[in-house]
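Chains as they are written, first to last, in the numbering used here: chain A, 1 to 141; chain B, 142 to 285. Think of the CB as a built atom: it goes at the ideal place given N, C-alpha and C, for glycine as much as any other residue. These notes concern the structure reproduced below.
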Amino acid sequence: MFITRKVEFSASHVCRSPRLSEEENRARFGKAANPHGHGHNYVLEVTLEGAPDAVTGMVFDLKELKEILNREVVEPYDHRFLNREVPPFDRIVPTPENIAREIWRRLEPAMAGSGQRLHAVRLYETPDLYVDYFGESPCST
Amino acid sequence: MFHVTRRYRFAASHRLDTAALSAEENRRVYGKCNNPYGHGHNYVVEVSARGPLEEASGAAVDTRLLDRLVAREMLEPLEDSNLNTDVPAFQTVVPTSENLAIEICRRLKSNWHTAFPGEWPRLEKIRIAETERNIFEIRADEIE
């Protein structure tokens, strides 16, 4: 069984890579490369896989999951300029792909002690664009 | 193969409390959901079925048949109910949304052939949003 908890955060970012020239950044990222950044209302859906506990009838305490998401994601990310204020986005471009993978990396150890498995991280950058990340799989390495 | 999902809504109340735990433990485990008089949700339930396209109709799932099945097995018994007191399954089982997903899936799966006697379509999964932020999903093949 899967359970999913949704949280939101608002942040600004700029998509440009120091490894690319000004012209290449413009070509690759378009307006998203505007140097002073721009913002999104990000929506994050985190899905765990597990079976309901025989006593409580719950797969995972959703209050606790909310606290973990607040601590690991909302508090550090909300109302921040990701490139300037939130490592590792001072070094890697905060595309939704990279943000989703970084959130997975933060959550996986936080979930490790719970006995439940992190199944998916879905990050909406806008209501019309989202990324699903299921962790590294052998074919992607 | 097509995967067809139809969304249904019903409102119900529940209280999370199990006889297996003390009053204090119930409060600790379930928090506000353990408040003595219960509380309600507008549940949103997505029912997904899969099957090949039926050539004559151009449809994989006859949603009128699905609607009738869902109305009989889910909406009529659960709409505007108190899950703890009005639904026999929750006399002994805590009506968490995990257990509600199992109960709805079991009802639809065990009565599926009254609506769809052929090989296809088959019930695929149930997805319940208790609130917009808390979502529970179970595949039909997880239920016996």
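For His144/B, the enclosing beta strand (DSSP E) begins and ends at Phe143 to His155.
With fewer than 16 other Cβ atoms inside 10 Å of its own Cβ, Met142/B counts as exposed. Look at Tyr130/A here: in three-state DSSP terms it is strand. For the pair Ile103/A and Val73/A, the CB atoms are nearer than the 7 Å cut-off.
Taking a cut-off of 8 Å on C-beta distances, the segment 114 to 134 of chain A touches the segment 35 to 49 of chain A, as three or more cross pairs fall below it. Here Val86/A has Pro76, Tyr77 and Arg80 as same chain residues with Cβ atoms under 7 Å from its own Cβ, once five neighbours each way along the sequence are excluded. For Tyr42/A, no alpha helix (DSSP H) run applies; the uninterrupted beta strand (DSSP E) run containing it begins and ends at His38 to Glu49, by DSSP. Using a CB distance cut-off of 7 Å, Met58/A counts as an interface residue toward chain B. Take the alpha-carbon of Ala201/B and the one of Thr146/B: they are about 11 Å apart.
The DSSP-derived three-state label of Leu264/B is strand.
In the DSSP assignment, His254/B falls within the alpha helix (DSSP H) that extends over Trp253 to Ala256. In the DSSP assignment, Thr4/A is bridged to Thr47/A and Ile276/B.
Within chain B, not a single residue places a beta-carbon under 8 Å from that of Val121/A; the smallest gap is close to 14 Å. Taking C-alpha positions only, Thr126/A is separated from Arg268/B by approximately 23 Å. Under the 10 Å beta carbon count, Ala100/A is surrounded by 16 or more other beta carbons and is classified as buried. Neighbourhood of Asn275/B in chain A, by CB distance below 7 Å: Arg5 and Leu62, in chain order.
Ranked by Cα distance from His36/A, the options Arg19/A, Phe134/A, Leu82/A and Tyr133/A are led by Leu82/A. Remark: C-beta atoms of Thr159/B and Val235/B approach each other more closely than 7 Å. In chain order, Met1, Phe2, Ile3, Thr4 and Thr47 make up the part of chain A whose C-beta sits under 9 Å from the C-beta of Glu278/B. Close CB contacts of Gly39/A within its chain, under the 8 Å cut and outside five residues either way in sequence, are with Ser10, Ala11, Ser12 and His13 (chain order). When DSSP reads this structure, Arg191/B sits in a beta bridge with His144/B and Arg263/B. Using a Cβ-Cβ distance cut-off of 8 Å, the segment 169 to 187 of chain B and the segment 195 to 209 of chain B are not in contact, since fewer than three pairs of beta carbons, one from each stretch, lie closer than that value. The continuous stretches of alpha helix (DSSP H) do not include Tyr178/B, and DSSP gives it neither H nor E. Judged by beta-carbon spacing, Leu44/A lies beyond the 7 Å limit of Leu129/A, meaning their Cβ atoms are not closer than that value.
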